[in-house]
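Asker: My questions all concern the structure below.
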Amino acid sequence: MGCLFCAIAKGEIPAQIVYKDEDLVAFKDINPQSPVHILIIPRRHIANLTDLDEADTELAGKMILLAGKLAREMDIAESGYRLVINSGREGGQVVQHLHLHLLGGRQLGGQLG
């Protein structure tokens with residue numbers, strides 16, 4: 089079985105795409121945990137955060153910058169939002185393709201600081 093997120097990035101599986109360019113795709117999570125729940129993925133398959141290397145510095149930065157841009161577009165930048173990357177099974181990663189969660193639109197619990 090292939091990678092679900094690779095198939096979404098290639099347009100083989102439908103998704104509610106909110107952004108795409110040559111490096112990244114962003115789409116609405118099918119099981120949202122908040123009113124705004126967007127997943128930002130690299131088009132290139134990278135299994136998890138640990139698999140990034142120095143050559144991926146620009147890509148990682150683009151993912152975070154895109155999250156800020158989408159937060160502004162979705163009107164959650166001022167009220168606040170959360171970015172989450174789960175990495176590995178024990179870290180809660182369900183799909184083994186690096187993805188950044190953009191969550192907002194309500195008061196989020198479980199503050200870390």
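According to my numbering, the sequence shown is numbered sequentially starting from 89.
C-beta atoms are modelled at their ideal positions from N, C-alpha and C, and glycine is treated no differently.
Being a predicted model, the structure only gives us computed values, none of them experimental.
Could you compute how far the alpha carbon of residue 130 sits from the alpha carbon of residue 110?
Answerer: The sequence position of residue 130 within the sequence shown is 42, counting from 1. The sequence position of residue 110 within the sequence shown is 22, counting from 1. Approximately 9 Å, taken between the alpha carbons.
Asker: Which residues in the same chain as residue 124 place their Cβ atom closer than 6 Å to its Cβ, once the five residues preceding and following it in sequence are excluded?
Answerer: Start at 1 with the first residue of the sequence shown, and residue 124 comes out as number 36. Result list for residue 124: 162, 164, 192 and 193, in chain order.
Asker: Hey, quick one: how far does the beta strand (DSSP E) through residue 114 stretch, first residue to last?
Answerer: If you number the sequence shown from 1, residue 114 lands on position 26. Here the beta strand (DSSP E) through residue 114 covers 112 to 116.
Asker: Taking the runs of the beta strand (DSSP E) that are 3 residues or longer, which of them lie wholly in the stretch 110 to 191?
Answerer: With a minimum length of 3 residues, the continuous beta strand (DSSP E) runs that stay inside the stretch 110 to 191 are 112 to 116, 124 to 130 and 169 to 172.
Asker: Counting along the chain, where does the beta strand (DSSP E) carrying residue 101 start and finish?
Answerer: Taking the first residue of the sequence shown as position 1, residue 101 is located at position 13. That residue, residue 101, is in no beta strand (DSSP E); it is neither H nor E in DSSP.
Asker: According to the neighbour-count rule (16 or more other Cβ atoms, all chains shown, within 10 Å of its Cβ), is residue 143 buried or exposed?
Answerer: What you label residue 143 is simply residue 55 of the sequence shown in a count that begins at 1. Exposed is the call here.
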